[in-house]
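So for the sequence shown, our numbering puts the first residue at -14; every next one is plus one.
Below is one structure, written out as structure tokens; the observations come after it.
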Amino acid sequence: MGIPFRAVCMALLGLLLLTALAVAMVAGAYDISLAEVWKSVAAHLTGNDAPDIPKVRDVIVWKIRMPRLLLAAVSGMALAVSGAAYQGCFRNPLVEPYILGVSSGAACGAALAILFPAALPPVPLSAFIFALLAVSITGLLATSRGVVPPVALVLAGIIVGALFSAGVGVMKYLAADTQLREITFWMMGGFHYASWPDTRLTAALVLPGIGCIWLLGWRLNVLSLGDEDARSLGVNPARLRRLLVVLATVCAAACVASAGIIGWVGLMAPHAARMLFGPDNRWVIPASALMGAVYLLVCDTLARTLTQAEIPVSIITAVLGAPYLLWLLRVKGRELYGN
């Protein structure tokens, strides 16, 4: 028997991810060859020194570019898988990871931490806490008699997001010039402050969540049939939806806390994965993870190299993402998701 088409596509996506990572490692202000990158990474992984590489290049490879690019890849995976999980939960292809208030809550937490650094935890932790708080409030507002209707959850998320966004607006109005610039720059997203502790912590939160969502992929397929059919097949739709929302929210909140608000990834990658692999979430979820990682690596590389000053990565994701979704709307239309 030949190798299945889906397996070939998944292998090609993995190869594309490695290629994007390799290109991103050598791209930048300093001209570093792939051989030097390999020597530096191999030396640090084995606990040895890299005597053939100048110290400054070794520092750039291992302490600056490597944690940044790994954080970008992990964040791309988190946003893409969160988007796929949300779209499956709500059976709505236009839902994205920030629909329940994650981004606005994180922005509010970050703004508070910037304005009152002595009274609140550091910016990433404050953003993470407020992101989870926003989604928790959304869940409480949407709950009616112990039941959380999907439509009510989305509407509550819009309301909570608007309230937290209003809070951010008030804080930006009251902030000093330096604080206002910091808040604005954080909200535009980027990996310029990436470090190994940030990357390890984000990966520790995101990767187990992605794994759990992937293991629930077949249940997500059942959920797409409707709540009544899901119950008849032994799946509790309310419990499954609640679990998936929690897992996806933690993944998205961890990404936002470490990199700021980065749009379009959670909307684009699941759509592209469904175009290539069909509606089966057992394939869509890992494909979304790989596509999200590749896409965010490419966008971050462009953000670092297009101009002398670094461009916020969310600008690049929007510039590339909007035309893609416009093409998808014009060419594919309803045939992708319609019954």
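A virtual CB, placed ideally from N, CA and C, is assigned to each residue, including glycine.
**Study point:** Nearest to residue 305 (by Cα), restricted to the options 156, 249, 53, 278
**Key:** Position 320 of the sequence shown, counted from the first residue, corresponds to residue 305. Minimum Cα distance to residue 305 is reached at 249.
Practice item. Indicate the three-state DSSP secondary structure (helix, strand or coil) for residue -2 in the structure shown. Key: Within the sequence shown, residue -2 is the residue found at index 13, counting from 1. Here residue -2 sits in helix by DSSP.
Practice item. Out of 279, 298, 280, point me to the one whose CA is closest to residue 288's CA. Key: Sequence index remark: in the sequence shown, residue 288 carries index 303 (1-based). It is 298 whose Cα lies nearest to the Cα of residue 288.
Point to revise | Cutoff 7 Å; reference residue 255; Cβ partners in own chain excluding five residues on either side | key: The residue labelled residue 255 in the question sits at position 270 within the sequence shown. For residue 255, where only same-chain residues beyond five positions count, the Cβ hits under 7 Å are 65, 68, 69, 72, 269, 273.
Exercise for review: Can you say whether residue 181 is buried or exposed, counting buried as having 16 or more other CB atoms within 10 angstroms of its CB?
Suggested key: Start at 1 with the first residue of the sequence shown, and residue 181 comes out as number 196. Flag for residue 181 reads exposed.
Practice item. Please confirm if the segment 135 to 146 is in contact with the segment 237 to 244, defined as three or more CB-CB distances below 8 Å between the two stretches. Key: No, because fewer than three Cβ pairs between the segment 135 to 146 and the segment 237 to 244 fall closer than 8 Å, the two stretches do not touch.
Check your understanding: Can we count residue -3 as close to the ligand COA, meaning its CB is less than 7 Å from some heavy atom?
Key -> Summarising the ligand content, the structure contains no ligands, and the ligand COA is consequently not present.
Practice item. Just the C-alpha distance for residue 152 and residue 22, rounded to the nearest angstrom, thanks. Key: For the purposes of this step, residue 152 is taken as the residue at position 167 of the sequence shown. For the purposes of this step, residue 22 is taken as the residue at position 37 of the sequence shown. About 44 Å.
Practice item. Would you give the residue range spanned by the alpha helix (DSSP H) that residue 203 belongs to? Key: Numbered from its first residue, the sequence shown carries residue 203 at position 218. Start and end: 202 to 208.
Review point. Taking C-beta to C-beta, are residue 165 and residue -6 nearer than 8 Å?
Key: Along the sequence shown, read from residue 1 onward, the residue named residue 165 stands at position 180. Along the sequence shown, read from residue 1 onward, the residue named residue -6 stands at position 9. Result no, Cβ atoms of residue 165 and residue -6 do not sit closer than 8 Å.
Review point. Which word fits residue 34, buried or exposed, when buried means at least 16 other C-beta atoms lie within 10 angstroms of its C-beta?
Key: Taking the sequence shown and counting its residues from 1, one reaches residue 34 at position 49. When all chains shown are included, residue 34 counts as exposed.
Practice item. Can you say whether residue 39 is buried or exposed, counting buried as having 16 or more other CB atoms within 10 angstroms of its CB? Key: Taking the sequence shown and counting its residues from 1, one reaches residue 39 at position 54. Exposed is the call here.
Check your understanding: DSSP three-state call for residue 60: helix, strand or coil?
Key -> Position 75 of the sequence shown, counting from 1, holds the residue named residue 60. Of the three classes helix, strand and coil, the one that applies to residue 60 here is helix, per DSSP.
**Study point:** Cβ pair residue 89, residue 119 closer than 8 Å
**Key:** Taking the sequence shown and counting its residues from 1, one reaches residue 89 at position 104. Taking the sequence shown and counting its residues from 1, one reaches residue 119 at position 134. Yes, the Cβ-Cβ distance between residue 89 and residue 119 is below 8 Å.
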